[in-house]
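See structure below.
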Amino acid sequence: MNNTWFGLRWLLRLAWRLDRRRFVIGMGLLLPGALATPAVALALKKLVDAVVVDAPGEAAAWGAVAAVVLLCELMLGHFAHLYYFELAEITDQRLHRELLRAANGSDWLELGDDPSFGDRVDLVRQDVQRMRAGIIGGLPMAALAAQLAVTAVVLGVLSPLLLLLPVVAVLPVVFGRRAEHLLESARERTAPVTRTIRHYRRLMVDPRSQQEIRLMGNARYLLGKQAELLATYQRTMNAAQWRSTALRLAGQLAFALGYVGSVLYVYQLARRGEATVGDVILVVTLATQIATQMAAGLDLFGDVYASASGVRRLLQLRDESRQRSGGSGATPFAVERMTDGIRFDNVSFAYAGSDRTALRDVDLYLPAGTCVALVGENGAGKSTLIKVLTGLYPPTAGRVLVDGVDLAATEVTSWRRRTATLFQDFARIDLTLQHSVGVGHLPDVDSREAVTAAMHRARATALLERIGDTGALIGSGYGDGTELSGGQWQRVGFARAVMRTEPMLLSLDEPGHSLDALAEQQVCDAYQATAREVAARVGGVTLFVTHRMSTVRLADLIVVLDGGRVVERGTHDELVAAGGRYAELFHLQSRAYTE
Ligand SMILES: Nc1ncnc2c1ncn2[C@@H]1O[C@H](COP(=O)(O)OP(=O)(O)OP(=O)(O)O)[C@@H](O)[C@H]1O
Ligand SMILES: [Mg+2]
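Have a look at this one:
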């Protein structure tokens, strides 16, 4: 119960802070509207009593009072609606922002790797929809409470025994709450299943997976998997539904018995002359009203209860996100020009939830102004090294130093602003070409010149000409944008990365991955040119990952990773002469080309 009151108070306080005027007017209209309900019952009692003693004038007057109060009840409720619906709308928008903030509040990416965090974000997303109903229900619930209090006083004055009626009427609420709770916990239990179902659904409608699904003919298999999960979900939810319906029914039944009992009791009082006919009418009317009030209260309570659990989850998510974001330092990254370089000092890293170490005791020096190639087999840790270096994940152990500045003590976003990265799993941002590229450097997001220059640096001018205009939509995420090939998307990603013109670290993770030979050559030239610029302007380091040895040999420094460890470092000639892992890889590839 505490949770519900806490959630309701939190929501109402938020609504109050967001728009006091609507809050006050909404409540100001709701309260008299709600009090009009028992007032109608009283006016009817007076009317009937006047009729019984044959006082037509008095009867007419009470009839008129009943009519006016009834009118107030209908009108005020309606106008109040308008205000608190708008209030709910405003609160809803704020809650969505809160959710976005909570989901992205952490400085690090590791929360995104944690599926249970994803589950909770999903649940809260659904909760936020329902919190709107919580606001819409919360205000009338307060008015309803006042209404019930007045009704109880009227009944108590008539006969204290009749106070049992509201008490019995509480039973459906208590049972209903229990029923809601049952459904809630079933929903929480099935969260991993619903996440997987959604994943299957996305998999089957995503054009990229659809081609493989068709080719391999595994649609039926995937549908079957999804159907199995749906069946599990439905079994759990159905069982919870049945139990909650039974509970609700028991509550309603208890009230029905109380209702019949109280009407018979007043009837007896009237027969003994201890109550008037009007009193019988009063009790019948009030008991009927209590029934509808309790049913309405039950519905409202359901909404409020569900949204209160949502509030709890939203706040937990926010706290967790804040706690885990701890670790990022507070000092802004202030190095303007790199003179020393980047040092990895005994760095190790393991992904959250994984017992394998992706980087182990990495000791590495990348001198300022150099162009470094990272080489290694699949899973060696190359992409991970880039992600740790760009500050997406904090190292599990050890330090990363940029010109002597420890990244752990640095405000991570200010360091990230000095990096430019084309990730291996780069984003395909379905926006206009202008924005898809421009978001790489927000100050220039709307500058056509900056985007055109970045496209030029990425050797993507031909693509720009083909699309025609930077204002054209790309991708088929929405609207009728031009769909791009894998290589073209990569060019867009590259252009986005080089929107920042003075990065201290330029990382390119397999930039040649989707490109044809000519395109790779062009990107390679582009990257060499950009690397030289970066080195000359700010002493930046360029780090690139590729499996093509023809590109690797151009680097000033080659670093070979194996199983998360640095196993070799040196220039191409040095490493070939050393006859180790690199020499082996190099000879393997050159043989493949010459044979
Ligand atoms: N988000 C993640 N969560 C858990 N483990 C991960 C995650 N990303 C990568 N790994 C694991 O970390 C190790 C290193 O992966 P990484 O992506 O750095 O390899 P890589 O050298 O870039 O390989 P590739 O050449 O295939 O791109 C692998 O064992 C991989 O399974
Ligand atoms: Mg990789």
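For the sequence shown, the residue numbers in this note's numbering are 249 to 843. We put the beta carbon where it would ideally sit given N, CA and C, even for glycine.
Return yes when at least one heavy atom of ligand 2 lies under 7 Å from the C-beta of residue i, else no.
i	result
Gln-672	yes
Ser-631	yes
Asp-355	no
Asp-551	no
Asp-567	no
Asp-810	no
Asp-362	no
Asp-757	yes
Can you tell me whether residue i is helix, strand or coil according to DSSP?
i	result
Tyr-613	strand
Ile-461	helix
Glu-522	coil
Ser-602	coil
Arg-596	It should be pointed out that residue 596 corresponds to Ser in this sequence rather than to Arg. In the structure shown, Ser-596 sits in a strand (DSSP, three-state: E or B).
Leu-357	coil
Val-845	Residue numbering for the chain in the displayed model covers 249 to 843; residue 845 lies beyond these limits and cannot be assessed.
Asp-367	helix
Phe-674	coil
Leu-802	coil
Ala-645	strand
Ala-282	helix
Gly-624	strand
Arg-608	strand
Leu-809	strand
Thr-667	strand
Thr-680	strand
Asp-267	coil
Ser-510	helix
Glu-428	helix
Asn-466	coil
His-820	helix
Ala-831	helix
Asp-297	helix
Ala-475	helix
Asp-340	helix
Met-379	helix
Is any non-hydrogen atom of ligand 1 found closer than 7 Å to the C-beta of residue i, if you look at the structure I gave you?
i	result
Ser-602	yes
Tyr-599	yes
Ala-394	no
Ala-391	no
Ala-675	no
Ala-621	no
Gly-366	no
Gly-624	yes
Gly-627	yes
Name the DSSP bridge partner or partners of residue i?
i	result
Asp-773	For Asp-773, which the question treats as bridged, DSSP gives no partner whatsoever.
Thr-730	Ile-722
Asp-757	Val-793
Gly-589	Pro-615
Thr-579	Thr-658
Val-653	Val-650
Thr-484	Partner(s): none; Thr-484 has no beta bridge.
Less than 6 Å between C-beta atoms, sequence neighbours within five positions excluded: which residues of the same chain meet that for residue i?
i	result
Lys-293	Gly-526, Ile-529 and Leu-530
Leu-712	Met-703
Glu-750	Arg-785 and Val-786
Pro-643	Val-595, Phe-597 and Val-636
Thr-667	Thr-638, Pro-751 and Leu-753
Ser-755	Ile-634, Thr-669 and Leu-791
Asn-466	none
Arg-744	Val-685 and Gly-688
So, for residue i: in the same chain, excluding its five sequence neighbours on each side, which residues have a beta-carbon less than 8 Å away from its beta-carbon?
i	result
Ala-314	Val-288, Ala-291, Leu-292 and Leu-295
Ser-557	Asn-251, Gly-255, Asp-375 and Glu-432
Phe-503	Val-416, Ala-417, Leu-419, Pro-420, Ala-539 and Met-542
Counting only the same chain and skipping the five closest in sequence on each side, list residues whose C-beta sits under 7 Å from that of residue i.
i	result
Thr-444	Leu-477
Tyr-641	Trp-356, Leu-357, Glu-358, Phe-597 and Lys-635
Thr-632	Phe-597, Ala-606 and Leu-607
Gly-828	Glu-816
Leu-283	Ala-394, Gln-395 and Val-398
**OP:** Evaluate contact between the region 771-778 and the region 582-599, counting only Cβ atoms and requiring at least three cross-stretch pairs below 8 Å.
**Re:** no
**OP:** Say whether the region 259-268 touches the region 377-392, bearing in mind that this needs 3 or more beta-carbon pairs closer than 8 Å, one atom from each stretch.
**Re:** yes
**OP:** Pair every Cβ in the region 530-550 with every Cβ in the region 614-628, then say whether three or more of these pairs are closer than 8 Å.
**Re:** no
Original post:
Counting pairs of beta carbons, one from the region 508-525 and one from the region 400-415, are three or more of them closer than 8 Å?
Top reply: yes
**OP:** Check whether the region 390-402 touches the region 457-465, counting contact only when three or more Cβ pairs, one atom from each stretch, lie closer than 8 Å.
**Re:** no
Original post:
Quick check: the region 302-317 against the region 273-289, are there 3 or more CB pairs under 8 Å?
Top reply: yes
Original post:
With contact counted as at least three CB pairs below 8 Å, one residue from each stretch, are the region 486-495 and the region 504-514 in contact?
Top reply: no
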